[in-house]
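Engineer:
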Amino acid sequence: MSETTSNTRILAEVSVTVALSVVLNYIKIFQLPYGGSITLGSMVPILLISYRRGLKVGVFTGAVFGLVQMVLDGWVYNPFGMVLDYPLAFGVLGIAALFKKHPLVGVVAALAARFLSHFLSGVLFFWMYAPEGMNPIVYSAVYNGSYILGEMVISGILIYLLVQRNLLDLNL
């Protein structure tokens, strides 16, 4: 296979992955008032392409998904915060590629990295939403942790089922 064919195939996979993640992102199980939701596995396609194609493609795919989400659902509040909440928060999902032989560890690592990006954004840009008397660090941890933990559980269950039923060829 030529390099051009390979690059075209990867670009097609990235496009389909982003599209599938966008569709799954609209199937919300739980929605928080200031952004953040638990979806029906919208992170799974990004995790899968990360396992399949590696760190670089995984980070790129996640960042593209983040940019699409920013355009579709983004809150315009601060350029730095928007980078933290969209392309960076979803781009770091690509680190799952580092755990290809242990996909569930990859789910936890990737979603923990996403949490850190949202957490930092919450502390820096959404501190004013903390209830009176509550430390903004605690508020951001609780707020962002409440939906990231749900996303982590759903993503972990789906990845586990796909691996256990040999529905994935991760070339382990």
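Anchor point for the sequence shown: position 120 equals 751 in this note's numbering, and the numbering is continuous, going up by one each time. By construction, the Cβ of each residue, glycine as well, lies at the ideal position given by its N, Cα and C atoms.
1. Take Ser-771 and list the residues in its own chain whose beta-carbon comes closer than 6 Å to its own, dropping the five residues that flank it on each side.
2. So for Ser-668, helix, strand or coil by DSSP?
3. What would DSSP say about Ile-768, mapped onto helix, strand or coil?
4. If you check the beta carbons only, do Ser-681 and Ala-643 fall under 8 Å apart?
5. How is Val-661 classed by DSSP in three states: helix, strand or coil?
6. With DSSP collapsed to three states, give me the class of Pro-718.
7. What is the DSSP secondary structure of Met-744, reduced to helix, strand or coil?
8. Going by other Cβ atoms of all chains shown within 10 Å of its Cβ, with 16 needed for buried, is Trp-633 buried or exposed?
9. Nearest to Gly-672 by CA position, among Ser-786, Leu-793 and Asp-716, is which residue?
10. Helix or strand or just coil, what does DSSP make of Trp-706?
11. Classify Glu-782: buried if its beta carbon has 16 or more other beta carbons within 10 angstroms, exposed otherwise.
12. Report back the beta-carbon spacing between Val-649 and Val-695 to the nearest angstrom; my notes put them in contact at under 8 Å.
13. Tell me, to the nearest whole angstrom, how far the beta carbon of Gly-697 is from that of Pro-718; I am working on the premise that it is less than 8 Å.
14. Nearest by alpha-carbon distance to Ala-743: which of Thr-639, Tyr-791 and Ala-720 is it?
Structural biologist: So, from the data block:
1. Phe-750, Gly-753 and Val-754
2. strand
3. helix
4. no
5. According to the sequence as given, residue 661 is Phe; it is not Val. Phe-661: strand per DSSP, three-state reduction.
6. Looking at Pro-718 - three-state DSSP - the assignment turns out to be helix.
7. One detail in the question is off: residue 744 reads as Ala in this sequence, not Met. DSSP places Ala-744 in helix when its eight states are reduced to three.
8. In the sequence as displayed, the identity of residue 633 is Ser instead of Trp. Ser-633 should be labelled exposed.
9. Ser-786
10. Coil, per DSSP.
11. buried
12. 5 Å
13. 4 Å
14. Ala-720
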